[in-house]
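**Q**
There are 2 protein chains.
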Amino acid sequence: MKPGKRILVVDDEQAMRRLLRASLEPEGYQVLEAASAEAGIREAASQRPELVVLDLGLPDGGGEAVLKRIREWSQVPVLILTVQDADEDKVRLLDLGADDYLTKPFSVPELLARLRVLERHANAGAAEPLLRCGDLEIDLAAHQVKRLGQEIKLTSTEYDFLKVLARHAGKVVTQRQILKEVWGPNSVEHTHYLRIYAAQLRKKLEADPSNPKHILTEPGVGYRLRG
Amino acid sequence: MKPGKRILVVDDEQAMRRLLRASLEPEGYQVLEAASAEAGIREAASQRPELVVLDLGLPDGGGEAVLKRIREWSQVPVLILTVQDADEDKVRLLDLGADDYLTKPFSVPELLARLRVLERHANAGAAEPLLRCGDLEIDLAAHQVKRLGQEIKLTSTEYDFLKVLARHAGKVVTQRQILKEVWGPNSVEHTHYLRIYAAQLRKKLEADPSNPKHILTEPGVGYRLRG
DNA sequence: GCTTTTTTTTACGTTTTCTTTACGCGCCTT
DNA sequence: AAGGCGCGTAAAGAAAACGTAAAAAAAAGC
């Protein structure tokens, strides 16, 4: 028999964590707990659970940030729990990458059934969040970039730029898309930003910045990270 | 523009079908309707929709049977609609293979968001569209062309030219159409562009550029990409 | 409040790509 | 057989896109 799937419960209320543990463990799940948004992100990144149950009502920054951060590198199924019942919230969260949404109070059997549905779906692409490109390691989960095992310090804009490329590693990302994702939809015309930050990234993580092996230019189209 | 995803609505109430059609068509879905369980099964089998919205409150045998029958041969995402709110029902339906469950009255934006989630899951495992023409591979998503597995560098215009031919692989594309799609409607007279770029493409992706096997000339008409 | 870091602005040299121009070949018509 | 026509090839000039450096402005850290 396999060891049960690991499921991460992110909730600040101890009572809720206890209830979930009591409900999930008899079903064969191995329950991991996190009591804050920060801890949730950390656990998700380090433990790589097969499922996540996320309470929106977290005190420190809210669960929404957790979902966003997880979705930067992982496709793990996330079920949202919440007390409120606002429509716009549901829609926004689902579009942000949440896979299901339950309002408290919920029925435990329904929760279990919905988790089974998520498990059924989960067999899809389990992408390795640690990207290796030659001498380069990009860990989207840990927000860390290494070259030859040594950590490289990137500014936040540089990291965002690299992140966009890494998420579509091997594929061309259009200038428009990069600008939109890094600088926002209002800056899609400032294509010179791309040249400047491409140069800065190459200076930091290419062996020979004038002969880039990783960050490749596709003239007239965009940039591409060699995978 | 692609034709929208086809979505099958199974519901005996005409008012509900009308509401769903009115909500879904503006989103780009192509709506198929069935007013009974029997019709639902028949439509699902013959039309193979990409999504199914199924009302449980059907008179003839109930929607449960529809779900069971569909699951015998298809993994199409099914979203259940129902008036009742009994826990055991939800659990049973979800375990029977339903992918989501909404109770009436429901909010249309939430329905749409949940349908988007189901679409996301359905597309997760699907490989990207790869156009194959003999030893040639054209990956439209990655903006990349390979020959015998080896990447070929194309300029933006060369790529556009090839893309037009590839979209109608095997068929003749007229000079007019190529010029219009690559250089815009104002350049339909510059037929010499075609000769230049056809030559460049042949130089890059034919084994013997003077004996083209892929990019064939149809004298007086246009060009054709052999499949 | 000042220093340090990061982002944005500005400017210019270089490379790549696109367009223009020119010429050779084969074929059909006259 | 000469000349027009459509196609293929080559190479030059024009234009666009890219890379780099450095200063000004803004933000972050102490």
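Heads up: the protein sequence lines correspond to chains A and B, in order.
Sequence positions in the first sequence follow my numbering and run 1 to 227.
Sequence positions in the second sequence follow my numbering and run 1001 to 1227.
Ideal placement from N, C-alpha and C gives every residue a C-beta, glycine not left out.
1. Please determine if the region 184–194 of chain A and the region 90–108 of chain A are in contact, where contact requires at least 3 C-beta pairs separated by less than 8 Å.
2. In this structure, does DSSP put Gln1075/B in helix, strand or coil?
3. Find the nearest neighbour of Ala1044/B within the set Glu1027/B, Arg1069/B, Ala1098/B and Asp1055/B, judged by alpha-carbon distance.
4. If we ignore side chains and look at the alpha-carbon of each, how far apart do Gly1004/B and Ala1122/B end up?
5. Counting contacts by CB-CB distance shorter than 7 Å, is Ala1199/B in contact with chain A?
6. Could you tell me whether the region 30–46 of chain A touches the region 84–91 of chain A, using the rule of 3 or more Cβ pairs below 8 Å?
7. If the cut-off is 7 Å on Cβ atoms, which residues from the region 1022–1036 of chain B count as contacting chain A, listed in chain order?
8. Where do the ends of the alpha helix (DSSP H) carrying Glu1158/B lie?
9. Give a yes or no on whether 7 Å exceeds the smallest Cβ distance from Glu38/A to chain B.
10. Give a yes or no on whether the minimum CB-CB distance between Ser46/A and chain B is below 7 Å.
11. Lys146/A bridges to which residues according to DSSP?
12. Mapping the DSSP letters down to three states, classify Tyr197/A as helix, strand or coil.
13. Please confirm if the region 1175–1187 of chain B is in contact with the region 1134–1149 of chain B, defined as three or more CB-CB distances below 8 Å between the two stretches.
14. Take Lys1203/B and list the residues in its own chain whose beta-carbon comes closer than 8 Å to its own, dropping the five residues that flank it on each side.
15. Indicate whether at least one CB of chain B lies closer than 7 Å to the CB of His121/A.
16. Show which residues of chain A have a CB atom less than 9 Å away from the CB atom of Ala1142/B.
17. Please report the distance separating the alpha-carbon of Val290/A from that of Val1066/B.
18. How is Glu218/A classed by DSSP in three states: helix, strand or coil?
19. Please state whether the Cβ-Cβ distance between Arg1224/B and Glu1218/B is less than 7 Å.
20. With a threshold of 7 Å between beta-carbons, can Ser1074/B be considered close to chain A, or not?
**A** A quick look at the data gives this:
1. no
2. coil
3. Arg1069/B
4. 15 Å
5. no
6. no
7. Residues: none.
8. Ser1156 to Arg1167
9. no
10. no
11. Glu137/A and Glu151/A
12. helix
13. no
14. Pro1209
15. yes
16. His168, Gly170, Lys171, Val172 and Arg224
17. This structure leaves residue 290/A out entirely; chain A is present only between 1 and 227.
18. In the structure shown, Glu218/A sits in a strand (DSSP, three-state: E or B).
19. yes
20. no
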